[in-house]
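What follows is a short report on a single structure.
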Amino acid sequence: VVFIMAPLITLTTDFGERSPYVAVMKGVVLSLNADARILDLSHLIPPQDVRSGNYFLATAVPYYPPGTVHVAVVDPGVGTQRGILLAEVAGQFVLAPDNGVLTGLFERHPPTTVRRLTEAKYWRPTVSATFHGRDIFAPVAAHLSLDPRPALFGVPVMEWVRLPGEPYRVEGERVVGSIQAIDHFGNLISNIPAAAVPSAPSSVTVGGRDVPLCWVRTYGEAAAGELVGLVSSDGSLEIAIVNGSAAARLDIEAGAAVAVEL
Amino acid sequence: VVFIMAPLITLTTDFGERSPYVAVMKGVVLSLNADARILDLSHLIPPQDVRSGNYFLATAVPYYPPGTVHVAVVDPGVGTQRGILLAEVAGQFVLAPDNGVLTGLFERHPPTTVRRLTEAKYWRPTVSATFHGRDIFAPVAAHLSLDPRPALFGVPVMEWVRLPGEPYRVEGERVVGSIQAIDHFGNLISNIPAAAVPSAPSSVTVGGRDVPLCWVRTYGEAAAGELVGLVSSDGSLEIAIVNGSAAARLDIEAGAAVAVEL
Amino acid sequence: VVFIMAPLITLTTDFGERSPYVAVMKGVVLSLNADARILDLSHLIPPQDVRSGNYFLATAVPYYPPGTVHVAVVDPGVGTQRGILLAEVAGQFVLAPDNGVLTGLFERHPPTTVRRLTEAKYWRPTVSATFHGRDIFAPVAAHLSLDPRPALFGVPVMEWVRLPGEPYRVEGERVVGSIQAIDHFGNLISNIPAAAVPSAPSSVTVGGRDVPLCWVRTYGEAAAGELVGLVSSDGSLEIAIVNGSAAARLDIEAGAAVAVEL
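Protein chains in written order, with our numbering: chain P, 1 to 262; chain D, 1 to 262; chain F, 1 to 262.
Right, dumping it as structure tokens:
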């Protein structure tokens, strides 16, 4: 007996679950490859928020096995001249609009090849101007899962859109960065690596406001409701409220400035 | 080597994800057919909103391959005398309460047969009055995935509940319809086919209010925040705000009237 | 042809869907066992709400087939000295933090064995202080799905954390209990078994407030907007508003007291 594993196709979108768009994409994939295994990563990327999608993909994709096909549709430019990329990253495949949503992933794992989709014979016969998820992404993902040769689908490109960088920087005794993501718990995940903050800082400001923090290893080391600083699970400086939402209490949105005095 | 594909069972409900109801249904299916492939379509149909469920199914189901078993539970009449239908539509199977939730799907794809479930031997031994998703829909879907003969499960019927039609109509130079759905982005999807509006209209009213629109092919052709009219991905007239929510800005709910002056 | 079923791993968390945490866990599982079938039960357990997770698992897990691996991460104590349990319950496996989240499940189905995870060789090489879902739960679930011998992963324990009991009690003609869960519809599910209320009560108070109820078998027996009492799908006393939210109308949260006069 040889067990043939069904190919894995993941979906990451800003489509929500209330509308039929995700269900439609799944149907298109399964109509072309009834055997595909479809895995939802998230459909709650905030609408049109390329930066959030970028953070999500850079964080999640590296954990997947080679051969996985990731489909990412956060695509405010759908139907315009923006291209659609098919990248090979650490043996995986990623389909995404060429709008910068792969910036962080490509920084962590430089792609082996990046192609721009050109071969319309793998698309649905009629391509709408507003739903390339259904008409291009889903059928290409299905065909790729059946025949994993990216060269079939497009031509190599050397240039693609990158999100403007907002790296952290060290200014003497001060480290300056920003909140790159706010998680479901309201925890504030900065872009400052923990390694840049070797000891408990003397002060931290977030969004221009001084925030007194108790420095802990994990949430349970402080009392419920306490404001804490810690190392996030991806190794960056995180600000949280134990059993509460730091984002709500401090009224902070993604992109807010963070400054740390060593 | 012969690869035996696991049968595909999709779930569409208004149960949300916070409550254990969907998880219970999945467990019931898998206890009867451990090999079933379960696919979530949506669990965020608004509570008891048969009209939203109807729009969702009419839009999504046609994209699935023959043999798929769709389970749709938006069922305010659970436990009353309303029947449960098992329909064959384009080679697929659909289980849904007989409350009109299949009206739009049946209009697009007239069913080959429609049955009313009668054979209680395929149900759970005890049927509650409030959770037929667990006690009838899930076990019938599982048995059907093992033995796809609908005649086992019920008797043919020629009558079923239809939602009162609200078709669009043309009145001289005016086309009148309604908003049939509001998507996750807040885009307003009307029931007026784009073909009924051959050129950019001189004016559009939504919910009795004049709405000045910029006519575009896709969102990215106008600036963020602009109110646009376009052809939706299913070919009907759509009103949207670029990178924003038209439903929120115009304070419109599904069912609102739309009038277009040609 | 022998069909080899992929092992089933379910996920129940309070991680939401907006953050990449669930996607990361799925990637870790699939990187160790590319063949695992991953099933989402819920990621909307309210943040850090062990009592809600407890209700969810006690309700859902019993419906699954033997051999299923359930991963439950509602874990405010992550990274502290709290243990992680691997329990065998009705032929299934459950991984959960030792914080009481399995109390109700163990009451309904006393576990065959309960172990505490000790064998770090099945964990990720570096274990963070804040994301054991990724670093311990996911890899142990994957390894367990490949080799279902729980003894590999930890040592038997005889003691574990139990949530303080809040059983209902009968006081003469009065039955007193509490709202153990509020579902997605806003229905109030009490911990009072229907059997303890043999006939329609003369009065019901919820949260200290007298609530006039119409007693019905199912929602559709009363008019939309009416406040009804009925037997919930798991056999307990439930208070609901037909096509509406009793929790919102009565302003009730989980844990509220319920008193029934027979």
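For glycine and all other residues, C-beta sits at the position ideal for the given N, C-alpha and C.
Buried or exposed (CB count within 10 angstroms, at least 16 for buried), residue i
i	result
threonine 112 of chain P	exposed
alanine 87 of chain D	buried
aspartate 183 of chain D	buried
arginine 115 of chain D	buried
aspartate 251 of chain D	exposed
threonine 130 of chain P	buried
proline 20 of chain P	buried
alanine 218 of chain F	One point to set straight first is that residue 218 of chain F is threonine, not alanine, in the sequence displayed. So threonine 218 of chain F ends up on the buried side.
proline 150 of chain D	buried
proline 97 of chain P	buried
aspartate 14 of chain P	buried
serine 236 of chain F	buried
aspartate 40 of chain D	buried
Residues bridged to residue i [DSSP beta-bridge criterion]
i	result
glutamine 92 of chain P	P:Val89
threonine 297 of chain P	Residue 297 of chain P lies beyond the residue range present for chain P, which begins at 1 and ends at 262; the question has no answer from this structure.
alanine 259 of chain F	F:Val176, F:Thr205
alanine 240 of chain F	F:Val228
threonine 113 of chain F	F:Glu88
valine 155 of chain D	D:Arg116
proline 97 of chain F	F:Ile84
Own chain, CB closer than 7 Å to residue i, minus 5 neighbours either side, in chain order
i	result
serine 296 of chain F	Any question about residue 296 of chain F goes unanswered here, given that chain F covers just 1 to 262.
valine 101 of chain P	Val50, Gly53, Asn54, Leu57, Ala72, Val74
glutamate 166 of chain P	Ser178, Asn191
arginine 162 of chain D	Gly100, Thr103
threonine 59 of chain P	Asp234
glycine 154 of chain D	Leu86, Arg115, Arg116, Leu117, Thr118, Glu119
alanine 256 of chain D	Ser178, Ile179, Val206, Gly207
glycine 16 of chain D	His43, Leu44
isoleucine 265 of chain F	A query on residue 265 of chain F cannot be resolved here, the shown segment of chain F reaching from 1 to 262 and no further.
Own chain, CB closer than 6 Å to residue i, minus 5 neighbours either side, in chain order
i	result
valine 127 of chain D	Asp135
glycine 133 of chain D	Met25, Val73
glutamine 48 of chain F	Pro76
alanine 224 of chain P	Val242, Asn243
valine 204 of chain F	Val211, Leu213, Val260
arginine 124 of chain D	Asp135, Pro139
glycine 172 of chain D	none
alanine 90 of chain D	His109
glycine 222 of chain P	Contrary to the premise, residue 222 of chain P reads as alanine rather than glycine in this sequence. Hits under 6 Å: Cys214, Val216, Val228, Val242.
valine 176 of chain F	Arg169, Ala259
proline 46 of chain F	Ser52
leucine 152 of chain F	none
alanine 263 of chain P	In this structure chain P extends from 1 to 262, so residue 263 of chain P is not present and cannot be described.
Pair within 7 Å by beta-carbon distance, residue i and residue j
i	j	result
alanine 194 of chain P	methionine 25 of chain P	no
proline 201 of chain F	glutamate 261 of chain F	yes
glycine 27 of chain P	tyrosine 122 of chain D	no
valine 206 of chain D	valine 170 of chain D	no
glutamate 226 of chain F	serine 232 of chain F	no
serine 42 of chain F	threonine 12 of chain F	yes
alanine 181 of chain P	isoleucine 189 of chain P	yes
alanine 254 of chain P	glycine 186 of chain P	no
glycine 220 of chain F	threonine 80 of chain D	yes
leucine 95 of chain F	alanine 23 of chain F	no
leucine 44 of chain D	arginine 18 of chain P	yes
Beta carbon proximity, residue i to chain B, threshold 7 Å
i	result
valine 161 of chain P	Reference to chain B is not applicable here, since the protein chains of this structure are P, D and F.
Spatial neighbours of residue i in its chain, beta-carbon cut-off 8 Å, leaving aside the 5 residues before and after
i	result
valine 157 of chain F	Gly83, Leu85, Val114, Arg115, Arg116
glutamine 92 of chain D	Val61, Tyr64, Pro65, Pro66, Gly67, Thr68, Val69, His70
arginine 174 of chain D	Ala259, Val260, Glu261, Leu262
arginine 108 of chain P	Ala58, Pro62
serine 199 of chain F	Leu262
arginine 209 of chain P	Leu250
### Ranges of the beta strand (DSSP E) found wholly within the region 167-237 of chain P, counting only runs of at least 3
169-171, 174-182, 188-193, 203-206, 227-231
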